[in-house]
Amino acid sequence: MYDARMELFDCAVGQRVRYKENGQPATIKQLWRAQGQIELEFANGQRLRVAPRLVEPLDDAVGVRKPKRPCPQCGADMGDAARCPTCGFEYRQAKTKRAPVWLWVLVILIVIGALVAWKFLGAR
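Each residue of the sequence shown is one higher than the one before, counting from 119 in the working numbering.
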């Protein structure tokens, strides 16, 4: 077996992994993104918070696929969807900031004023 180094973005809640320190299989129960840690639960109910680099994915996990993009709020697999099917978190497009209407009116008035001044002052 190769030494698979997992990062936090490789982890998902419910994913089966093997804890490298003792070789026991465990389930990821929670992601602590701010601390860069994951919470594991072993078969005996013991829970442990560790760094993701201390676990490796289980090779014998049948039907378990690696998430494409975990939800930043709950860690569930979002795939390519913009909305999380578990908690409802949604990525939103940043609104483009447009100039206020009064600024557009001011620019148009300045341009018109410059054209009028050029027309009348240039004719003299």
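For every residue, glycine included, the Cβ atom is placed at its ideal position computed from N, Cα and C.
Neighbourhood of residue i by C-beta distance below 6 Å, restricted to the same chain and skipping five residues each side
i    : result
V173 : M124, V135, Y137
V180 : At V180 the pLDDT is 48, less than 50, meaning the model places this residue with poor confidence; the figure from the coordinates comes in the next sentence. Cβ within range, chain order: n/a, list empty.
Coil, strand or helix - residue i by DSSP
i    : result
F207 : coil
D195 : strand
K147 : strand
P188 : strand
G181 : Note that G181 scores 46 on pLDDT, short of 50, meaning its location in the model is unreliable; the coordinates nonetheless yield the value given after this. In this structure, G181 counts as coil in the three-state DSSP scheme.
L227 : helix
R216 : coil
L176 : coil
L221 : helix
V131 : coil
Proximity to residue i [Cα-Cα], best of the options
i    : options                : result
P188 : A144, F160, E208       : E208
N162 : T145, I156, T214       : T145
E139 : K147, G154, C192, F160 : F160
K147 : W220, P190, R165       : R165
Residues of its chain near residue i, where Cβ-Cβ distance is below 8 Å and the 5 sequence neighbours each way are ignored
i    : result
P203 : A194, M196
L176 : R134, V135, R136, P143, V182
G154 : L126, A169, P170
Proximity of residue i and residue j at Cβ, strictly below 8 Å
i    : j    : result
R170 : D198 : The displayed chain sequence assigns Pro, not Arg, to residue 170. The answer is no: Cβ separation not under 8 Å.
L158 : V131 : no
L126 : R151 : yes
CB contact below 8 Å: residue i versus chain C
i    : result
R171 : This model lacks chain C altogether; it includes just one protein chain.
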